[in-house]
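Okay, so here's the structure we're looking at.
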Amino acid sequence: MEENQVYAMPRIGDKAPEFKAVTTQGEINFPADYKGSWVILFSHPADFTPVCTSEFMTFASMEKQFNEANCKLVGLSVDGLYSHIAWLRTIKEKIEYKGMKNVEVTFPLIEDITMDVAKKYGMMMPGESNTKAVRAVFVIDPNGIIRTIIYYPLSLGRNFDELYRVVVALQTADEFKVATPADWRPGDDVIVPTAGSCGVAKERMETKDETVKCHDWFFCTKKLDKDTVLKKVLKK
Ligand code: BEZ
22 MEENQVYAMP RIGDKAPEFK AVTTQGEINF PADYKGSWVI LFSHPADFTP
72 VCTSEFMTFA SMEKQFNEAN CKLVGLSVDG LYSHIAWLRT IKEKIEYKGM
122 KNVEVTFPLI EDITMDVAKK YGMMMPGESN TKAVRAVFVI DPNGIIRTII
172 YYPLSLGRNF DELYRVVVAL QTADEFKVAT PADWRPGDDV IVPTAGSCGV
222 AKERMETKDE TVKCHDWFFC TKKLDKDTVL KKVLKK
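Here the sequence shown stands for residues 22 to 257, numbered as in the numbering used here.
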């Protein structure tokens, strides 16, 4: 690989690049196999490394929670299948960490020794490493559109509560045609209407809807109770 070579990076709003790959759960055809579901495609630098191990244990422990939000998980590193299998077996059989033990990773982990997928998704960042993918996260919607991209360097483990918050917030924005403010969590007020619709500012300021509060002409929020969000997003 040429030093500091730059790869095209998919962007938010793009169709998720297509690929077929071998995984720990068999072959996948991405994103076609995931049509109708949200999916988090994420890369990690290497098997048998400590930060990645802590991440996999955490993500696997939260898989049911993500699945309940109609979101599937797919991991990737530029290691081979037998390395993946051996690492995941070690995690299950030997690693106890922060109260997690016997953790079985049942979501697919892609082998990408050719780096084809990692390059397609802009997961290789030569300034950080020529041989390992960075910690990239792609949140892809049920129509195969990339909706959020987050990158972390090799040394920094991800916050999986934040990734879950992103999935629920994106679905809430879609379902209720709202935007979500800083640090939003289900039950917090949401922003109406979504950014870019300034033409309705006057009507918003004069709204009779008592659940809407306008802080100024460009900034109106309304209540959206937690149960309504959870019923729609988590079908609870
Ligand atoms: C880790 O997961 O611990 C790790 C991986 C690659 C470089 C540095 C740390």
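Where is the CB? At the ideal position from N, CA and C, for every residue including glycine.
At the level of alpha carbons, what is the spacing between residue i and residue j?
| i | j | result |
| --- | --- | --- |
| Met22 | His65 | Bear in mind that the predicted position of Met22 carries a pLDDT of just 49, short of 50, making it unreliable; the figure below should be weighed with that in mind. Straight-line Cα distance between these residues: approximately 19 Å. |
| Thr19 | Glu231 | The shown model of the chain, from 22 to 257, leaves out residue 19, and the question about it has no answer. |
| Ala42 | Asp133 | 8 Å |
| Thr45 | Phe77 | 14 Å |
| Leu102 | Arg110 | 12 Å |
| Glu183 | Val158 | 11 Å |
| Leu255 | Asp195 | 14 Å |
| Lys247 | Cys241 | 19 Å |
| Phe239 | Pro202 | 13 Å |
| Lys244 | Tyr185 | 21 Å |
Excluding five sequence neighbours on each side, which residues of the same chain lie with their C-beta closer than 6 Å to the C-beta of residue i?
| i | result |
| --- | --- |
| Glu48 | none |
Report back the beta-carbon spacing between residue i and residue j to the nearest angstrom; my notes put them in contact at under 8 Å.
| i | j | result |
| --- | --- | --- |
| Val124 | Lys113 | 6 Å |
| Val188 | Trp59 | 6 Å |
| Pro52 | Gly165 | 4 Å |
According to DSSP, is residue i part of a helix, a strand, or is it coil?
| i | result |
| --- | --- |
| Ala194 | helix |
| Val72 | helix |
| Lys41 | strand |
| Arg32 | coil |
| Ile88 | Correcting the residue type first, residue 88 is Asn in the shown sequence and not Ile. Three-state DSSP puts Asn88 in a helix. |
| Leu255 | coil |
Cutting at 7 Å between CB atoms, please list the residues of its own chain near residue i, excluding the five before and the five after it.
| i | result |
| --- | --- |
| Met136 | Val99, Met145 |
| Phe80 | Leu94, Phe181 |
Judging by CA-CA distance, which residue of the options is the nearest neighbour of residue i?
| i | options | result |
| --- | --- | --- |
| His105 | Ala90, Phe128, Glu84 | Phe128 |
| Lys36 | Pro163, Leu245, Gly178 | Pro163 |
| Leu175 | Ala67, Asp248, Gly34, Lys119 | Ala67 |
Output yes if chain D places a C-beta closer than 8 Å to the C-beta of residue i; else output no.
| i | result |
| --- | --- |
| Asp137 | Considering every chain present, this structure includes no chain D. It has just one protein chain. |
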